[in-house]
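Residue 431 is where the sequence shown starts when you use the numbering used here, and the numbers rise one by one after that. Here the structure is laid out as structure tokens; the discussion comes afterwards.
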Amino acid sequence: MSTLLTMPMLGAVGETLLLITLAVGPMLALYGVFQLVQDLRGNSKKRIASRLQGRSARAAGTTKITAEDLRRQTKAATGLLGGMLVNMSVTKRFQKVLEQANLAWSAPKVLGNLTITAAIAFAALVMVGAGLLVGLGVAAAVYVLPVYYCVLRRKRRLKKFVNQLPDVFELLGQALRAGHSLASGMQLVANEMPDPAGTEFGRVFQEQNLGLKIEDALTNLAERMDILDVRFFVTAVLIQRQTGGDLSEVLDKIGSVIRERIKLRGTVMALTAEGRLSGYVLLALPILVFIALWYINREYALVLIEHPTGQMMLGTACIMMVMGYFMIQKIVNIKV
């Protein structure tokens with residue numbers, strides 16, 4: 431195998447990489463500068479537009495924004511490819527994921543940049559001679575891994591938010607019993623609780639303080655944090671504001687139910703820990719065996735990479751490993 435890696439081949443590969451870098455590098459640099467200038471222009475335009483709209487609203491008593499203005503502002507903020515992706519349902523769902531993960535990013539811009547980066551990585555690997563499968567695998571990894579990071583961060587933030595809810599409801603109940611209003615209680619939560627509870631309830635207080643009805647601000651919270659306990663809380667507040675009643679007692683009961691659910695979830699996690707560990711071991715064991723085989727008998731391992739039948743076997747094994755892992759996770763992940 432060492433005779434195959436001759437100096438002329440290394441020189442050809444290096445020359446190809448150099449040509450790709452010279453061709454793609456300036457394009458990426460120009461695209462980055464274009465995006466930066468566009469962002470700066472968009473921010474300045476937003477400031478000027480907000481001032482003009484504020485003056486016109488004070489003069490005429492109303493401000494009207496047309497759908498064409500919104501489309502133009504969105505295209506200016508997200509770029510050409512992002513403007514094409516902005517109306518897709520996948521983009522809208524990913525934008526909600528970014529909001530729940532507390533990432534101040536634009537979903538169309540993120541997906542557009544990932545698409546361009548994945549396409550460049552695929553083209554570069556194919557031109558180098560790495561093969562279509564390797565190019566597709568790397569391009570998929572370039573596209574999927576950042577999205578997976580956002581989803582994982584969202585999951586962790588929502589879990590932390592649920593764990594904070596009992597303390598939030600206890601603090602709100604104490605504030606209401608002390609004579610404070612619901613808005614003042616939310617301000618207290620925003621000041622005393624860390625992120626994400628403090629951030630989200632602080633946003634509710636700011637929306638209510640800027641003129642939005644408390645019912646609408648709480649509804650926005652329920653839509654933003656797609657959690658069953660939050661919907662219970664919002665429903666209880668809306669009913670109490672219409673019919674009356676002791677809201678502090680309701681909050682205490684909801685907080686008690688959430689605490690018991692958290693304890694039960696911990697028990698379930700402990701009982702299913704063995705199944706989750708089995709999934710991790712079954713996923714990692716074939717990879718570790720292949721790495722060991724690569725160092726022990728490399729020629730035997732190369733059959734799986736170079737021979738078409740070996741490539742098919744390797745791809746089938748990877749697919750079955752991933753399917754088995756997700757099946758095990760489906761069994762051990764019990765919703766409480």
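Virtual Cβ for every residue (Gly too), placed ideally from N, Cα, C. Bear in mind the structure is a predicted one, so any value in this text is a computation, not a measurement.
Between the options, which has its C-alpha nearest residue i's C-alpha?
i, options, result
"P624", "S614, K643, L648, V592", "V592"
"N532", "L588, G559, E622, I721", "L588"
"E600", "M750, L562, I684", "I684"
"K693", "Y710, V766, I546", "V766"
"D597", "M757, I735, I688, F662", "I688"
"Q741", "T547, L562, A534", "L562"
"D659", "D682, N639, Y730", "D682"
"R691", "H610, I764, V540", "I764"
"F720", "L707, L734, Y579", "L734"
Quick one: Cα of residue i to Cα of residue j, how far?
i, j, result
"L528", "A620", "21 Å"
"Q759", "G705", "8 Å"
"A549", "E630", "37 Å"
"G484", "K643", "Reliability of the predicted coordinates at G484 is poor, the pLDDT of 45 falling under 50, and no value is obtained from them."
"S536", "Q525", "7 Å"
"K494", "I669", "For K494, the predicted model reports a pLDDT of 45, less than 50, meaning its position is unreliable; a value from the coordinates is still stated below. Between K494 and I669, the C-alpha separation is close to 33 Å."
"R424", "K522", "This structure does not reach residue 424, given that the chain is present from 431 up to 766, and the question cannot be answered."
"G696", "P716", "31 Å"
"D656", "N543", "27 Å"
"A666", "V680", "7 Å"
"N650", "V698", "32 Å"
"V752", "A714", "11 Å"
"V634", "M616", "8 Å"
"A627", "L566", "40 Å"
"I546", "P538", "12 Å"
"Q636", "F756", "41 Å"
"G577", "K585", "Per the sequence presented here, residue 577 reads as Val, with Gly not at that position. Each residue's alpha carbon lies about 12 Å from the other."
"Y710", "D676", "48 Å"
"A560", "I726", "24 Å"
"A605", "L618", "8 Å"
"V743", "M557", "Just to set this straight, residue 743 is Met in the shown sequence, not Val. C-alpha separation (whole angstroms): 26 Å."
"C748", "K590", "33 Å"
"L541", "M750", "28 Å"
"L582", "L707", "19 Å"
"S611", "T673", "17 Å"
"G603", "G632", "17 Å"
"A534", "T739", "47 Å"
"E736", "Y573", "26 Å"
"E622", "L640", "21 Å"
"S519", "G609", "45 Å"
Look at residue i and residue j and say whether their C-beta atoms are less than 8 Å apart.
i, j, result
"R607", "S686", "no"
"F552", "A571", "no"
"T702", "V762", "yes"
"R661", "A652", "yes"
"L723", "A731", "yes"
For my contact list, residue i and residue j are in at a C-beta cut-off of 8 Å; report their separation, rounded to the angstrom.
i, j, result
"L555", "V564", "6 Å"
"G754", "L712", "6 Å"
"Q638", "A613", "5 Å"
"R728", "Q530", "Going by Cβ atoms, the distance from R728 to Q530 rounds to 46 Å, so no, they are not a contact pair."
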